[in-house]
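Trainee: Chains as they are written, first to last, in this note's numbering: chain A, 429 to 608; chain B, 136 to 799.
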């Protein structure tokens with residue numbers, strides 16, 4: 429086969445590779461929300477981020493000794509808006525503090541976002557470089573983590589939280605950890 | 136009874152589609168005239184049958200026949216009749232019927248105009264259309280049947296998502312589908328050409344009007360969708376890089392590239408296998424756009440309900456259609472005679488650059504949309520890479536494209552004179568610099584990228600006008616001569632000028648959105664806030680009952696000036712609508728537009744102590760985004776009316792000599 433012919437095969441090869449990927453996505457045994465995380469039951473990465481008002485620091489030390497929720501979000505992210513109502517409810521119901529980390533976002537946009545939709549977070553850290561998200565292994569926003577008293581990541585959820593996930597997965601885990 | 140008739144018609148349509156897919160193909164191979172003609176009849180019959188099925192479904196919606204499961208799930212007797220009608224395609228099953236209906240409409244149109252084509256090509260094109268129709272009719276009948284009955288019938292329906300009850304969104308899917316599905320004709324032509332092993336100038340001339348028609352409707356559809364998002368979602372944004380939006384943008388980008396490469400095939404007999412590949416890819420992206428978002432592989436905020444059986448079927452269908460055509464391409468395309476090589480600085484060179492950039496843009500959007508899949512985050516792709524990714528990749532691609540848009544049409548075919556073209560564009564360059572300086576001054580050193588964007592918009596817009604002025608020898612020849620030239624210019628030339636000018640208008644609107652002024656306040660009755668030289672007064676708030684919702688309606692007055700000079704500019708009444716059936720609140724924004732700028736008002740939540748959260752924006756040039764889209768579509772329509780595309784003109788033997796003078 430000449431090189432010229434191979435060139436015309438390229439679109440087909442690319443397409444077949446893509447289709448194989450998509451096919452896997454339909455496997456009924458796969459839990460779509462279950463992303464492999466190397467960090468489950470490992471210590472959460474430490475971080476120290478500037479906060480919204482510009483004067484404080486949100487550091488991982490502050491979360492030690494308690495069960496906390498950490499939610500990565502951004503004002504530019506449409507699914508985060510979809511998730512927001514669930515977060516507001518969660519902040520009202522759950523007995524654990526919910527921390528927000530704004531991923532690659534401008535502080536003024538975050539303020540606008542929280543002003544218009546309400547602020548479910550105890551405190552919000554700014555991860556403008558995205559470095560903290562990389563350390564956590566964040567795929568994209570929104571993403572939510574549960575960190576236990578020993579500072580280990582116990583649970584991660586990629587994609588927006590909804591009432592179902594909160595009732596079926598999050599609340600039982602929080603109860604098990606003795607946080608509520 | 137009527138709904139069973141529709142069901143029966145759709146089953147019959149499947150058999151007709153199977154005939155359409157096979158008979159003309161065999162006829163073309165054996166050169167059997169009767170079988171080739173049968174394809175045309177089948178296409179007409181398919182249109183009639185699917186039309187009948189679609190009509191019975193519409194009837195069931197309009198009469199609120201809740202014994203039909205699909206109607207009971209998606210409609211409600213309290214809904215205004217307009218939304219009962221648009222509810223037909225506001226759900227998965229109904230939208231699939233609309234999709235196939237439009238496909239059969241295009242098939243019938245191809246059959247109608249088939250006399251202008253060589254009979255074998257026409258037969259093969261119709262056969263490919265028949266295959267697509269068969270696939271999707273199978274899909275509807277086996278996994279997404281809207282004609283199923285429900286027994287016992289419920290007293291009332293489950294309503295429609297209140298956010299979808301809006302004229303902008305209601306008519307947006309038909310336009311989008313006219314665009315998506317229209318690309319199936321270009322696809323069918325490409326596959327037919329691969330079977331024949333022959334692509335020439337005449338082929339390009341036949342493909343172009345169909346591509347143009349789909350491109351126009353898709354442009355209108357995207358424009359409507361963006362406008363809808365703007366005034367409904369209440370955040371003042373107009374494009375969110377949401378998977379559903381991206382799904383419509385990808386075929387648009389590829390279709391735009393196809394339109395331009397077809398010109399090169401027609402005029403220079405080059406880029407042939409590339410144009411065929413683009414035709415395949417454009418329709419493939421349309422398929423991906425319509426179906427990937429509802430297959431369960433990828434979901435988004437406005438996706439339809441999921442069902443794994445459907446997902447498997449859709450993916451299998453996509454695999455056969457796209458994989459099959461690409462396999463055919465790999466096998467047959469190397470046989471297409473390569474056209475002549477050409478100089479980089481020439482009209483065709485510029486069109487090639489256009490194609491490279493547009494294809495890269497489409498690939499960028501594709502990667503950004505499917506990014507979660509590539510990261511093995513299958514099923515969780517509600518994750519968003521959003522603005523940071525697209526802004527950083529899309530903008531750098533657009534800048535060279537916009538620069539080239541003005542230059543390309545000034546270059547001659549075969550060998551262009553870049554320096555000469557740039558010299559003739561001095562006026563456009565001067566205006567662009569002036570606009571940038573003024574923008575920089577007025578906004579006191581505003582965002583550099585936005586200022587640059589305005590400059591680029593002026594460059595593209597002026598470039599289009601300069602090119603037109605050159606053609607009619609404006610100011611250079613006597614008025615009478617210019618007028619004569621203007622009259623004899625082909626409509627396709629006017630179409631190009633309009634479309635490029637529309638692009639400039641849209642770019643200006645996008646760039647200027649960086650200059651918007653925003654004010655978020657907690658307002659009490661009688662309070663006034665300033666907003667970009669206006670002031671906004673909160674006059675009152677009241678309850679208001681709609682057909683199937685209750686609303687809080689606020690009254691605002693937009694005022695200009697101060698003291699005794701103060702005058703009323705507009706009364707604005709944003710609402711918050713609560714739909715009790717769905718327990719959902721939807722914001723209805725109030726927009727006052729001067730066409731040069733919008734004042735945009737959205738009502739937020741009450742604080743319970745008499746205060747209301749109010750979001751007010753002043754958005755300069757924002758209406759330009761959609762006006763530009765409409766101008767682009769208009770340009771396409773004008774070009775489509777060019778007499779060269781008309782029936783009978785485009786026959787293979789007679790390559791009219793006037794085509795050489797036209798379309799430059």
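Yeah, the Cβ is synthetic: ideal placement off N, Cα and C, and Gly gets one too.
In three-state terms, what does DSSP make of residue 569 of chain A?
Mentor: Looking at residue 569 of chain A - three-state DSSP - the assignment turns out to be strand.
Trainee: Give me the Cβ distance between residue 251 of chain B and residue 261 of chain B, rounded to the nearest whole Å; I'm assuming they're in contact under 8 Å.
Mentor: So it is not a contact: roughly 14 Å between Cβ atoms.
Trainee: Ignoring anything shorter than 4 residues, give me the alpha helix (DSSP H) runs that lie fully in the stretch 152-238 of chain B, in order along the chain.
Mentor: As far as the stretch 152-238 of chain B is concerned, its whole alpha helix (DSSP H) runs of at least 4 residues are 168-197, 204-209 and 216-221.
Trainee: Any idea what DSSP makes of residue 314 of chain B, helix, strand or coil?
Mentor: If DSSP states are grouped into helix, strand and coil, residue 314 of chain B belongs with the helices.
Trainee: Grab me the residues of residue 776 of chain B's own chain with a C-beta within less than 7 Å of its C-beta, minus the 5 sequence neighbours each way, in chain order.
Mentor: Once the five neighbours on either side are set aside, the close Cβ partners of residue 776 of chain B are 626.
Trainee: Evaluate residue 526 of chain B with the Cβ neighbour count: other Cβ atoms within 10 Å of its Cβ, from every protein chain shown; 16 or more gives buried, anything less gives exposed.
Mentor: Answer is exposed; the Cβ neighbour count stays below 16.
Trainee: Would you report the Cα separation of residue 600 of chain A and residue 713 of chain B, rounded to the nearest angstrom?
Mentor: Whole-angstrom Cα-Cα distance: 33 Å.
Trainee: Can you give the Cα-Cα distance for residue 485 of chain A and residue 558 of chain B, rounded to whole angstroms?
Mentor: Their backbone Cα atoms lie some 57 Å apart in a straight line.
Trainee: According to DSSP, residue 755 of chain B sits in a beta bridge with which residue or residues?
Mentor: BP columns for residue 755 of chain B point to B:732.
Trainee: Tell me the rounded alpha-carbon separation between residue 681 of chain B and residue 711 of chain B.
Mentor: Their Cα atoms are separated by approximately 11 Å.
Trainee: Please classify residue 264 of chain B as buried or exposed, where buried requires at least 16 other C-beta atoms within 10 Å of its C-beta.
Mentor: Counting Cβ neighbours within 10 Å, residue 264 of chain B comes out buried, since at least 16 surround it.
Trainee: Report yes or no: is there a C-beta of chain B within less than 9 Å of the C-beta of residue 457 of chain A?
Mentor: Residue placement at residue 457 of chain A is flagged as unreliable, the pLDDT there being 49, under the threshold of 50; a coordinate-derived value is accordingly withheld.
Trainee: Please confirm if residue 183 of chain B has its CB atom under 9 Å from at least one CB of chain A.
Mentor: Not closer than 9 Å to any Cβ of chain A, the Cβ of residue 183 of chain B fails to qualify, so no.
Trainee: Is it buried or exposed, residue 435 of chain A, if we count other Cβ atoms within 10 angstroms and call 16 or more buried?
Mentor: Label assigned to residue 435 of chain A: exposed.
Trainee: Between which two residues does the beta strand (DSSP E) holding residue 619 of chain A run?
Mentor: Chain A is shown only over 429 to 608; residue 619 of chain A falls outside these bounds and no answer can be derived.
Trainee: Quick one, which of A:590, A:432 and A:560 has its alpha-carbon nearest residue 512 of chain A's?
Mentor: Measuring from the Cα of residue 512 of chain A, the nearest candidate turns out to be A:590.
Trainee: In angstroms, rounded to a whole number, what distance separates the CA positions of residue 592 of chain A and residue 590 of chain B?
Mentor: Rounded to whole angstroms, residue 592 of chain A to residue 590 of chain B spans 50 Å at the Cα level.
Trainee: Report yes or no: do three or more beta-carbon pairs, one from the stretch 211-230 of chain B and one from the stretch 178-187 of chain B, lie closer than 8 Å?
Mentor: Counting Cβ pairs under 8 Å, fewer than three are found: no touch.
Trainee: Inspect the beta-carbon positions of residue 414 of chain B and residue 346 of chain B and report whether they are closer than 9 Å.
Mentor: Yes.
Trainee: Using DSSP with H/G/I as helix, E/B as strand and the rest coil, what is residue 141 of chain B?
Mentor: If DSSP states are grouped into helix, strand and coil, residue 141 of chain B belongs with the helices.
Trainee: Hey, quick one: how far does the alpha helix (DSSP H) through residue 83 of chain B stretch, first residue to last?
Mentor: Outside the modelled stretch of chain B, which goes from 136 to 799, sits residue 83 of chain B, for which no answer is possible.
Trainee: Between the stretch 515-539 of chain A and chain B, which residues of the former have CB atoms less than 7 Å from a CB of the latter, in chain order?
Mentor: So the close ones are 532.
Trainee: Just by C-beta distance, which residues in the stretch 461-475 of chain B are closer than 7 Å to chain D?
Mentor: Checking the listed chains, one finds no chain D in this structure; the protein chains it contains are A and B.
Trainee: Assuming residue 582 of chain A contacts residue 469 of chain A under a Cβ cut-off of 8 Å, what Cβ separation, rounded to an integer in Å, is found between them?
Mentor: Yes, residue 582 of chain A and residue 469 of chain A are in contact; Cβ-Cβ is about 7 Å, under 8 Å.
Trainee: With H, G and I counted as helix, E and B as strand and the rest as coil, what does DSSP make of residue 282 of chain B?
Mentor: Reduced to three states, the DSSP call for residue 282 of chain B is coil.
Trainee: Pairs of beta-carbons, one from the stretch 304-314 of chain B and one from the stretch 471-483 of chain B, closer than 8 Å: are there three or more?
Mentor: The stretch 304-314 of chain B, when compared against the stretch 471-483 of chain B, does not touch it at the 8 Å Cβ threshold.
Trainee: Return the chain-ordered list of same chain residues with a C-beta closer than 8 Å to the C-beta of residue 389 of chain B, the five sequence neighbours on each side being excluded.
Mentor: Same-chain partners within the cutoff: 413, 416, 417, 420, 493, 494 and 497.
Trainee: Any C-beta of chain A sitting closer than 9 Å to the C-beta of residue 516 of chain B?
Mentor: Since pLDDT at residue 516 of chain B reaches only 39, below the 50 mark, its modelled position is unreliable, and the value read off the structure follows with that caveat. Judged by the 9 Å Cβ criterion, residue 516 of chain B is in contact with chain A.
Trainee: Could you confirm whether any beta carbon from chain A is found closer than 9 Å to the beta carbon of residue 655 of chain B?
Mentor: It does; some Cβ of chain A falls within 9 Å.
Trainee: Looking at chain A, is there any beta carbon in it that lies within less than 9 Å of the beta carbon of residue 246 of chain B?
Mentor: Output row for residue 246 of chain B: interface = no.
Trainee: Along chain A, which residues have their Cβ under 7 Å away from the Cβ of residue 457 of chain B?
Mentor: Result: 443.
Trainee: Given a limit of 9 Å on CB to CB distance, which residues of the stretch 551-579 of chain B reach chain A?
Mentor: Residues: none.
Trainee: Going by DSSP in three states, residue 499 of chain A sits in which element: helix, strand or coil?
Mentor: Three-state DSSP puts residue 499 of chain A in a strand.
Trainee: According to DSSP, which residues form a beta bridge with residue 471 of chain A?
Mentor: In DSSP, residue 471 of chain A forms a bridge with A:580.
Trainee: In whole angstroms, what is the alpha-carbon distance linking residue 112 of chain B and residue 237 of chain B?
Mentor: In the structure as shown, chain B starts at 136 and stops at 799, and residue 112 of chain B therefore has no counterpart that could be examined.
Trainee: If we count Cβ pairs, one from each stretch, closer than 8 Å, do we get three or more for the stretch 641-652 of chain B versus the stretch 743-760 of chain B?
Mentor: Touching, per the Cβ criterion.
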